[in-house]
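> Before I ask anything, here is the structure I am working with.
Number of protein chains: 2
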Amino acid sequence: MERRAHRPRIADVAREAGVSKTAVSFAFNSPERLSLETADRIREVAESLGYRPHPVARMLTQRRTMTLGVLTPQALSVIFSNPFFAPFNEGIARAAEDEGYELHFISPIHGSLPAAVSRATVDGVVAIGVSAEHPEVGQIRRAGLPIVMVDAEDGEHSSVVIDEEGGARAAAAHLLELGHRDILVLAVEAPQVADERADRAAPAVTVRRLRGYRRAFESAGLTLDPSRVIAARASIDGGAAAFQGAWSQGLRPTAVLAMSDAMALGAIRAARELGLRVPAELSVVGFDDIDLASHVDPALTTVHQPIRQKGFEAARLLLEEVEQPASPSRHLRLETRLIVRGSTAPLHARGEVPGTQQ
Amino acid sequence: MERRAHRPRIADVAREAGVSKTAVSFAFNSPERLSLETADRIREVAESLGYRPHPVARMLTQRRTMTLGVLTPQALSVIFSNPFFAPFNEGIARAAEDEGYELHFISPIHGSLPAAVSRATVDGVVAIGVSAEHPEVGQIRRAGLPIVMVDAEDGEHSSVVIDEEGGARAAAAHLLELGHRDILVLAVEAPQVADERADRAAPAVTVRRLRGYRRAFESAGLTLDPSRVIAARASIDGGAAAFQGAWSQGLRPTAVLAMSDAMALGAIRAARELGLRVPAELSVVGFDDIDLASHVDPALTTVHQPIRQKGFEAARLLLEEVEQPASPSRHLRLETRLIVRGSTAPLHARGEVPGTQQ
DNA sequence: GTGTGCCGCTAAACCGGTTTTCTAAACCGG
DNA sequence: CCGGTTTAGAAAACCGGTTTAGCGGCACAC
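Residue numbers (the numbering used here), protein chains in the order written: chain A, 115 to 472; chain B, 115 to 472.
Right under this line is the structure:
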């Protein structure tokens, strides 16, 4: 009686076929080193046993996983629900699958990103939402893996960034041209990491976009009042809460500059609940141009950034370094542009007076 | 002069600390088997060398990857752009990260799903869009991995399905109650696999939803004309093309039953381009209730299915089997319900006569 | 004084493959 | 018929860890 609860190993095939493990390996990987009949026979035996080379063992000997890692401090579940990540991941995926690579998301495990990194079986990493100073970046580097930074720059690693300052500037200039002066800025706050080190400094993205806003004000001979800048979570709820909070503190802005479309959507929702009409009584500009932006009513005026392309280019850069380890680091900068839709209007173009009905 | 271009291995740490490899391994995995000082010293040396246990080697010896696989015949890039997959993945991710598992998407590599499966380093698989007869399912089973089927049932494996027939029936009944009789059905066609075996049989999902539609007709003493059932790709473009095609063949339906929201949206777009107003001149019902459905104008009447929960439950089931291999297979069936929004209206409620302007 | 048990650690086997090195037989020209 | 080159495949080393078996030394009991 034969018991074989286990997955067949290469040794099983070798024994059954009366050859060495080497021969079996050759039959699959370099059949030209075997006589035709031997190779055929081995493959037949393997087939009948249902043998497949163990992928982990293969990774170990070949020293490659054929997998790209996507490193982010966001939780895994957020990555799939967040409308920004969808096209970004799509771009990465397209580049990866062109070359036969798989994708692996490196997100905090039980709150710890370093733990996730040390467990990741990848050939290289695309990092997003992580600055170059993050210890995880060094950790990856020491492991001998190439890394491409997205939305962050340092001289050492390859990177893909967008013209955030230019886009932000265009957004602010648009509102100023429409006559708005009392403008509320919704800034992206640092994501709460369930980590001991709580370096709650503003994200680099926030700093750069804020600089763009400020420049527009300066060009118009104005200054951006820091008390009008409110940090909030980059989500619909975060944007809604921030606008709501500002309103209840007595602020009565005529326009909102949001650093993400999600926040912009939240601000619109909160404004409506307060009885304000958009854009008649409140103009709102977002940032990112997520797919949803053109589908909401009114369609969102926002700064377009090529999210899909950003993911695609980052993955391309990474693949290059993975397949050619000696290649020098490269830096890409993609354009942004303002897209004017229906959520912004001239300051005094309001139709009727505000009603009390929502 | 010391050259060390390589990532430090356990042997390096052992040599440096003057102990055996075993001791180093113990220092990390079972420190209680070492004296406190030895363990500390080893960890110090490891730290100074920047040593991290190689994750692939670990997987090999521990015979577990702490990774769940998501098997689909769709291309990787589709998974991230498809509005159905977003919440589904989110649900899976939530369950996985609760238990400290990672996620790995098993999609065709250069068109071959079997190739992807044999390369996948996972502890178990959630399969979606794949029927139990697919050879890949057996392939996974032979590798000794547990598998949970989604939207497909067979006695052997665990599964999570929804009440498709009930949902479809409710959708059709809704249109019939509104007085519609000339109804166009947009069915989901089998995805084109870049594979030799072209078993272009209708997907099981299509069969079940169609049955639901038919039942509703029968209950109303009517029959569903097979010539009114058109198969198309489950995308916005697919739905648009299908409606457009039906129209140009002379069909003039007053309502559309789409088997996916994406197709429904496409039908609406095509109808508008033909000068039809929705819902005044054409009622449209979708299926799935993707996030976008409530945001479009008019908001889409559709059959809600708990996509997020479906992913979550599937992953829970899988995790159970992964952690307790002997456990029996289980079967879940989740409810669906019709959500009436703005894309459907009574047959003769049309406001004005159709204009020629679009 | 010696057997027993425990402590702290090491050597060797193992996970499941690939790759390098090596050998016996076949081939080949002179 | 002989030395040298191919050819087909085997043996062994290796990838980088973990785990099992075992060993020397010390404390304690008898």
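Don't be surprised by glycine CBs; every beta carbon is placed ideally from N, CA and C.
Report all residues from its chain with a CB closer than 6 Å to the CB of R379 of chain B; omit the five preceding and five following residues, and keep chain order.
The residue labelled residue 379 of chain B in the question sits at position 265 within the second sequence. The question names Arg, but residue 379 of chain B in the sequence shown is Leu. Excluding residues within five positions, the ones whose Cβ falls inside 6 Å are I350.
> Would you verify that the beta carbon of E204 of chain B is, or is not, closer than 7 Å to some beta carbon of chain A?
The residue you call residue 204 of chain B lines up with position 90 of the second sequence. With 7 Å as the cut-off, E204 of chain B counts as an interface residue toward chain A.
> What span of residues does the alpha helix (DSSP H) with M173 of chain A cover, start to end?
The residue you call residue 173 of chain A lines up with position 59 of the first sequence. Its alpha helix (DSSP H) spans residues 169-176.
> Quick check on M180 of chain B: does DSSP put it in helix, strand or coil?
Locating residue 180 of chain B in the second sequence gives position 66, counting from the first residue. Correct three-state label for M180 of chain B: coil.
> Consult DSSP for S362 of chain A and reduce its assignment to one of helix, strand or coil.
The residue you call residue 362 of chain A lines up with position 248 of the first sequence. S362 of chain A falls in the helix class under three-state DSSP.
> Looking at chain B, which residues of the segment 388-404 of chain A have a Cβ within less than 7 Å of any of its Cβ atoms?
Answer in chain order: no residues at all.
> Taking the C-alpha atoms as reference points, what is the distance between L414 of chain B and I193 of chain A?
Position 300 of the second sequence, counted from the first residue, corresponds to residue 414 of chain B. Position 79 of the first sequence, counted from the first residue, corresponds to residue 193 of chain A. L414 of chain B and I193 of chain A: Cα-Cα distance of roughly 26 Å.
> Does DSSP put V264 of chain A in a helix, a strand or coil?
On the first sequence, residue 264 of chain A is found 150 positions in, with the first residue counted as 1. Strand at V264 of chain A.
> Here's the rule I'm using: 16 or more other beta-carbon atoms within 10 Å means buried, otherwise exposed. How should D309 of chain A be labelled?
Start at 1 with the first residue of the first sequence, and residue 309 of chain A comes out as number 195. Reliability fails at D309 of chain A, whose pLDDT of 47 lies under 50, so the model's placement of it is uncertain and no value is given.
> Check the Cβ of G380 of chain B against every Cβ in chain A and list those closer than 9 Å, keeping chain order.
Along the second sequence, read from residue 1 onward, the residue named residue 380 of chain B stands at position 266. None at all; the shortest Cβ gap to chain A is about 14 Å.
> Since R347 of chain A contacts E303 of chain A with CB under 8 Å, what's their CB separation in whole angstroms?
Residue 347 of chain A sits at position 233 when you count from the first residue of the first sequence. Residue 303 of chain A sits at position 189 when you count from the first residue of the first sequence. Yes, they are in contact, since the Cβ atoms of R347 of chain A and E303 of chain A sit about 6 Å apart, within 8 Å.
> Take the Cβ of H224 of chain B as the centre, count every other Cβ of all protein chains shown within 10 Å, and call the residue buried at 16 or more, exposed below.
Indexing the second sequence from 1 puts residue 224 of chain B at position 110. Per the 10 Å Cβ criterion, exposed.
> Can you list the residues of chain A that S232 of chain B reaches, using a CB-CB cut of under 9 Å?
Taking the second sequence and counting its residues from 1, the one referred to as residue 232 of chain B is at position 118. Within chain A, the residues near S232 of chain B are R166, P167, P169.
> For a test of the three-state rule: what should DSSP assign to S272 of chain A, helix, strand or coil?
The sequence position of residue 272 of chain A within the first sequence is 158, counting from 1. In the structure shown, S272 of chain A sits in a strand (DSSP, three-state: E or B).
> Using a Cβ-Cβ cut-off of less than 7 Å, give me the residues of the segment 405-423 of chain A that come near chain B, in sequence order.
The segment 405-423 of chain A vs chain B, Cβ under 7 Å: L406, H409, V410, D411.
> Compare the beta carbon distance of H218 of chain A and G183 of chain A with 7 Å and say whether it is the shorter of the two.
Numbered from its first residue, the first sequence carries residue 218 of chain A at position 104. Numbered from its first residue, the first sequence carries residue 183 of chain A at position 69. Yes, these two residues count as a Cβ contact at 7 Å.
> Grab me the residues of A234 of chain A's own chain with a C-beta within less than 7 Å of its C-beta, minus the 5 sequence neighbours each way, in chain order.
Taking the first residue of the first sequence as position 1, residue 234 of chain A is located at position 120. If we look at A234 of chain A and ignore the five residues flanking it on each side, its Cβ neighbours are G183, H218, I220.
> Tell me, to the nearest whole angstrom, how far the beta carbon of F357 of chain A is from that of A286 of chain A; I am working on the premise that it is less than 8 Å.
Within the first sequence, the letter at position 243 stands for residue 357 of chain A. Within the first sequence, the letter at position 172 stands for residue 286 of chain A. Wrong, their Cβ atoms sit about 17 Å apart, outside the cutoff.
> For P317 of chain A and S408 of chain B, I'd like the C-alpha separation in whole angstroms.
Translated into positions along the first sequence, residue 317 of chain A becomes position 203. Translated into positions along the second sequence, residue 408 of chain B becomes position 294. Their Cα atoms are separated by approximately 32 Å.
> DSSP state of H218 of chain A, grouped into three classes?
For this step, residue 218 of chain A is matched to residue 104 along the first sequence. It is a strand residue.
> Could you list which residues in chain B have their beta carbon closer than 8 Å to that of H248 of chain A, in chain order?
Here residue 248 of chain A refers to the residue found at position 134 of the first sequence. Chain B residues near H248 of chain A: none, gap ~16 Å exceeds 8 Å.
> Find the residues of chain B that neighbour R347 of chain A, judging by a C-beta separation of less than 9 Å, and give them in chain order.
Position 233 of the first sequence holds residue 347 of chain A. None at all; the shortest Cβ gap to chain B is about 17 Å.
> Strictly under 7 Å for the Cβ-Cβ distance: is H462 of chain A near chain B by that measure?
Taking the first sequence and counting its residues from 1, one reaches residue 462 of chain A at position 348. No, its Cβ sits nowhere closer than 7 Å to a Cβ of chain B.
> Using a beta-carbon distance below 7 Å, is I223 of chain B in contact with chain A?
Looking up residue 223 of chain B in the second sequence gives position 109. At least one chain A Cβ lies under 7 Å of I223 of chain B.
> Check whether chain A comes within 7 Å of R178 of chain B, counting only Cβ atoms and requiring the distance to be less than that.
Here residue 178 of chain B refers to the residue found at position 64 of the second sequence. So, not an interface residue.
> 7 Å is my cut-off, CB to CB: does G258 of chain B come that close to chain A?
Counting from 1 along the second sequence, the entry for residue 258 of chain B is found at position 144. By this cut-off, G258 of chain B is an interface position.
> Should the segment 172-189 of chain A be called in touch with the segment 143-158 of chain A, which here means at least 3 C-beta pairs below 8 Å?
With a cut-off of 8 Å, the segment 143-158 of chain A and the segment 172-189 of chain A do not count as touching, because too few Cβ pairs lie within range.
> For a contact defined as C-beta to C-beta under 8 Å, what are the partners of P439 of chain A on chain B?
Along the first sequence, one-based indexing puts residue 439 of chain A at 325. The premise fails here: P439 of chain A is roughly 10 Å from chain B at the closest Cβ pair, so nothing lies under 8 Å.
> Please classify R157 of chain B: does DSSP put it in a helix, a strand, or coil?
Against the second sequence, residue 157 of chain B aligns to sequence position 43. If DSSP states are grouped into helix, strand and coil, R157 of chain B belongs with the helices.
> The segment 130-147 of chain B: which residues have C-beta closer than 7 Å to a C-beta of chain A, in chain order?
If the cut-off is 7 Å between Cβ atoms, the segment 130-147 of chain B has nothing near chain A.
> Please list, in chain order, all residues of the same chain as T368 of chain A whose beta carbon is under 8 Å from its beta carbon, the five residues on each side excluded.
Looking up residue 368 of chain A in the first sequence gives position 254. Here the set comprises H294, R295, D296, I297, E395, L396, S397, L461.
> In this structure, how does DSSP classify R123 of chain A when only helix, strand and coil are distinguished?
To locate residue 123 of chain A, count along the first sequence from 1; it is residue 9. Of the three classes helix, strand and coil, the one that applies to R123 of chain A here is coil, per DSSP.
> Please report the Cβ distance between S443 of chain B and E270 of chain B, rounded to the nearest whole angstrom; I am assuming they are in contact, meaning their Cβ atoms lie under 8 Å.
As a first step, residue 443 of chain B is located in the second sequence; it is residue number 329 there, counting from the start. As a first step, residue 270 of chain B is located in the second sequence; it is residue number 156 there, counting from the start. That pair is a contact at about 7 Å.
> Identify the contact partners of R121 of chain A in chain B, using a Cβ-Cβ distance below 7 Å as the criterion.
Residue numbering aside, residue 121 of chain A sits at position 7 when the first sequence is read from its first letter. In chain order: A257, G258.
> Is A376 of chain B close to chain A, meaning its C-beta is less than 7 Å from at least one C-beta of that chain?
Taking the second sequence and counting its residues from 1, one reaches residue 376 of chain B at position 262. It does not; no Cβ of chain A falls within 7 Å.
> State yes or no: is the beta carbon of A207 of chain A nearer than 7 Å to at least one beta carbon in chain B?
To locate residue 207 of chain A, count along the first sequence from 1; it is residue 93. It does; some Cβ of chain B falls within 7 Å.
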